[in-house]
Amino acid sequence: MTTATNTLAPVGAPDKRLPGDLAIWFFILAEMLAFAVFFSAYAFARARHVEEFNLYQQTLDRNLGALNTVLLITGSWFVVLAVQAAHHDNRPAISRYILLGWLCGAGFLVVKVFEYAAKFGAGISMSTNTFYMFYISLTFFHFMHVILGMVILAILWFQARKDVYGSHDAHGLESGAAYWHMVDLLWIVLFPLVYVMR
Amino acid sequence: MHALKNPAHRAWLILIIATGITWYLGEVSAAGTLAIVSMLAIAFVKGRLVILDFMELREAPRLWRALLEGWLILVSSLILLAYWISLR
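So the protein sequences, as listed, match chains A and B. By the working numbering, the letter at position 184 of the first sequence is numbered 184, and the numbering carries on one by one without gaps. By the working numbering, the letter at position 26 of the second sequence is numbered 26, and the numbering carries on one by one without gaps.
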């Protein structure tokens, strides 16, 4: 994995490298701070409406929430494998793993649409109560991030098909991958918080 | 177990098992201090695996690793505080 190390690096310097571009990490941090505010707002609003939150949380489909967690984790894993394939110059595997990651994202969206359809079909909306206001806005805000992540993966896939990535340069791929992992990381907090913790 | 030498494979396996545990805690309607602390601890371990093994920040400059792990600590602490208030 370190065969492509920069020969100009000072001897003895620790091989500490931030994957991808610095700019994407600032963007990721900003997004994560926005979600931190949302998560805290949910938790503190719940503290003032414990009974309401505990009651309506039971109407959420935990199975679909857990299934979506598995889809995002697996989608993230495929994209890690795409980055590893790039570092090993295993060109055909790069686009294949990106596509598998994208399909996991698509699966997430399909599951979420079914979940929303059941809720909206039951007449639930943002204005029903505080719990549903948080449930819909938090999950929908995250939903939009999954869509953006899939747009990024689609771009990475086209680039990979053009043989852009390899051990010489995987910066763009690593940047997009980092964003995709952030989408996964946010859901890992969101799922227990909104669906399970009581 | 050769496949588990790849940190990504290992992380994926632990993440899936941890998700199963959280789902199970929901199925048995686990509630209260112990349940909340367990679920937050599981989410913390999962988040850390994503940061270190998926985002590959384990070998990254210390600042970036600290910023993301710090986010996880901040979010977990705020949620814990809010739930502690709700349990009083």
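Don't be surprised by glycine CBs; every beta carbon is placed ideally from N, CA and C. Computed from a predicted model, the values in this text were never measured in an experiment.
Identity of the residue in the options nearest residue i by Cα
i, options, result
"His181(A)", "Arg17(A), Lys16(A), Gly75(A) and Glu51(A)", "Gly75(A)"
"Val189(A)", "Ala3(B), Leu78(B), Trp12(B) and Tyr24(B)", "Leu78(B)"
"Tyr179(A)", "Ala36(A), Val151(A), Val164(A) and Tyr56(A)", "Val151(A)"
"Ala66(A)", "Asn6(B), Ala82(B) and Leu15(B)", "Leu15(B)"
"Asp163(A)", "Phe140(A), Pro92(A) and Gly176(A)", "Pro92(A)"
"Trp157(A)", "Leu138(A), Glu174(A), Val111(A) and Val183(A)", "Glu174(A)"
"Arg161(A)", "Leu60(A), Ser95(A), Gly20(A) and Thr59(A)", "Ser95(A)"
"Phe54(B)", "Ala3(B), Pro7(B) and His2(B)", "Pro7(B)"
"Arg65(B)", "Leu40(B), Gly47(B) and Ala41(B)", "Gly47(B)"
"Ala82(A)", "His2(B), His9(B), Lys5(B) and Leu4(B)", "His9(B)"
"Leu64(A)", "Phe44(A), Ala117(A), Ser125(A) and Ala122(A)", "Ala117(A)"
"Ala45(A)", "Leu185(A), Trp187(A) and Tyr132(A)", "Tyr132(A)"
"Ser38(B)", "Ile73(B), His2(B), Leu81(B) and Thr22(B)", "Thr22(B)"
"Leu100(A)", "Leu153(A), Ala43(A), Phe191(A) and Leu186(A)", "Leu153(A)"
"Arg48(A)", "Ser125(A), Asp169(A) and Thr130(A)", "Thr130(A)"
"Leu72(B)", "Gln159(A), Val37(A) and Asn54(A)", "Val37(A)"
"Leu186(A)", "Val113(A), Leu138(A) and Gln159(A)", "Leu138(A)"
Distance between residue j and residue i (C-alpha atoms, nearest Å)
i, j, result
"Leu29(A)", "Gly70(B)", "11 Å"
"Ile155(A)", "Glu115(A)", "28 Å"
"Trp25(A)", "Glu31(A)", "10 Å"
"Ile136(A)", "Leu193(A)", "14 Å"
"Gln84(A)", "Gly20(B)", "27 Å"
"Trp12(B)", "Val79(A)", "12 Å"
"Arg17(A)", "Ala60(B)", "5 Å"
"Ser167(A)", "Asn90(A)", "9 Å"
"His145(A)", "Gly107(A)", "14 Å"
"Thr128(A)", "Phe39(A)", "20 Å"
"His87(A)", "Ala177(A)", "13 Å"
"Tyr195(A)", "Arg62(A)", "6 Å"
"Asp21(A)", "Val50(A)", "43 Å"
"Cys104(A)", "Leu72(A)", "6 Å"
"Met197(A)", "Ala41(A)", "15 Å"
"Phe199(A)", "His171(A)", "Residue 199(A) is absent from the model: chain A starts at 1 and stops at 198."
"Leu109(A)", "Phe140(A)", "11 Å"
"Thr2(A)", "Arg62(B)", "With a pLDDT of only 46 at Thr2(A), under 50, the local geometry of the prediction cannot be trusted, and the value read off the model is given with reservation. Their backbone Cα atoms lie some 19 Å apart in a straight line."
"Thr33(B)", "Trp84(B)", "8 Å"
"Leu25(B)", "Leu60(A)", "15 Å"
"Leu68(B)", "Ala82(B)", "21 Å"
"Leu57(B)", "Tyr165(A)", "20 Å"
"Leu148(A)", "Val70(A)", "19 Å"
"Leu80(B)", "Ala31(B)", "14 Å"
"Tyr97(A)", "Trp77(A)", "9 Å"
Where residue i sits in the DSSP three-state scheme
i, result
"Gly70(B)", "helix"
"Asp163(A)", "coil"
"Thr59(A)", "coil"
"His168(A)", "coil"
"Met150(A)", "helix"
"Leu18(A)", "coil"
"Ala3(B)", "helix"
"Met197(A)", "coil"
"Arg88(B)", "coil"
"Ala93(B)", "There is simply no residue 93(B) to check, as chain B begins at 1 and stops at 88 in what is shown."
"Met144(A)", "helix"
"Ala82(B)", "helix"
Range covered by the alpha helix (DSSP H) that runs through residue i
i, result
"Ile14(B)", "Pro7 to Glu27"
"Glu56(B)", "No alpha helix (DSSP H) holds Glu56(B); DSSP gives it neither H nor E."
"Asn68(A)", "Arg62 to His87"
"Ala43(A)", "Leu22 to Arg48"
"Tyr97(A)", "Arg91 to Gly121"
"Arg46(B)", "The amino acid occupying residue 46(B) in the given sequence is Lys; Arg does not appear at that position. Start and end: Thr33 to Leu49."
"Ile124(A)", "Note, Ile124(A): premise wrong, no alpha helix (DSSP H); not H, not E."
"His181(A)", "His171 to Leu190"
Determine which residues of the stretch 66–82 of chain B have a Cβ less than 9 Å from any Cβ of chain A, and write them out in chain order. Leu67, Leu68, Trp71, Leu72, Leu74, Val75, Ser76, Leu78, Ile79, Leu80, Leu81 and Ala82
Determine which residues of the stretch 32–60 of chain A have a Cβ less than 7 Å from any Cβ of chain B, and write them out in chain order. Met32, Ala36, Phe39, Ser40, Ala43, Phe44, Arg46, Ala47 and Val50
What are the residues of the stretch 11–26 of chain B that lie near chain A, defined by any Cβ-Cβ distance shorter than 7 Å? Trp12, Leu15, Ile16, Thr19, Thr22, Trp23, Leu25 and Gly26
Of all the residues that make up the stretch 173–187 of chain A, which are near chain B by a beta-carbon distance shorter than 7 Å? Ala178, His181, Asp184 and Leu185
Closer than 9 Å, Cβ to Cβ, to anything on chain B: give me those residues from the stretch 160–173 of chain A, in chain order. none
Interfacial residues, the stretch 73–102 of chain A to chain B, with Cβ spacing under 9 Å: Ile73, Thr74, Ser76, Trp77, Val79, Val80, Leu81, Val83 and Gln84
Can you pull out the residues from the stretch 140–155 of chain A whose beta carbon lies closer than 9 Å to at least one beta carbon of chain B? none
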